[in-house]
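J.: Below is a structure I'd like to ask you about.
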């Protein structure tokens with residue numbers, strides 16, 4: 001299991017254990033993390049699982065693919081470290097990953 005930390009817009013921290021191979025979005029839904037709506041169920045067809053990857057983790061997580069970048073156009077308050085959590089696959093290298101949830105989803 002890989003440890004993830006979600007930080008809500010109000011600063012509340014949610015520490016969870018995520019299954020390798022799942023996505024950050026799936027882990028949020030399984031753990032009832034508020035602010036991750038995931039309306040499309042992880043198909044990269046909306047922007048309601050938008051998160052900000054902590055600056056220390058951006059290189060490890062990697063850059064978004066073209067389809068994800070297109071969907072981020074619909075997200076609220078997009079930043080250089082914005083990602084769709086449905087597109088971040090959990091793996092051992094991400095143990096300790098921190099993501100923040102925006103004030104609202106697009």
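In UniProt numbering, the protein residues as written are 1 to 106. In this text, a Cβ means the ideal position worked out from N, Cα and C, and glycines have one as well.
1) Decide yes or no for the touch test of the region 68 to 82 against the region 2 to 11: beta carbon pairs closer than 8 Å, at least 3 of them.
2) In three-state DSSP terms, what is residue 32?
3) Going by alpha carbons, who is nearest to residue 42 out of 77, 3, 24, 96?
4) Going by beta carbon distance, what residues of the same chain come within less than 6 Å of residue 90, once the five residues before and after it are set aside?
5) Among residues of its own chain, excluding the 5 on either side of residue 13, which ones have a beta-carbon nearer than 8 Å to its beta-carbon?
6) Take the Cβ of residue 60 as the centre, count every other Cβ of all protein chains shown within 10 Å, and call the residue buried at 16 or more, exposed below.
7) Report the residue from 58, 67, 93 whose alpha carbon sits nearest the alpha carbon of residue 82.
T.: Working from what's here:
1) Verdict: no, contact absent.
2) Shown here, residue 32 sits in coil according to DSSP, grouped into three states, outside any helix or strand.
3) For the residues 77, 3, 24, 96, the minimum Cα distance to residue 42 belongs to 24.
4) Excluding five sequence positions before and after residue 90, the CB atoms of its chain that fall closer than 6 Å to its own CB belong to 2, 18, 20, 22, given in chain order.
5) Listed in chain order, the non-local C-beta contacts of residue 13 below 8 Å within the same chain comprise 5, 6, 7, local neighbours out to five positions each way being set aside.
6) Classification for residue 60: exposed.
7) Looking only at 58, 67, 93, the smallest Cα-Cα distance to residue 82 is reached by 58.
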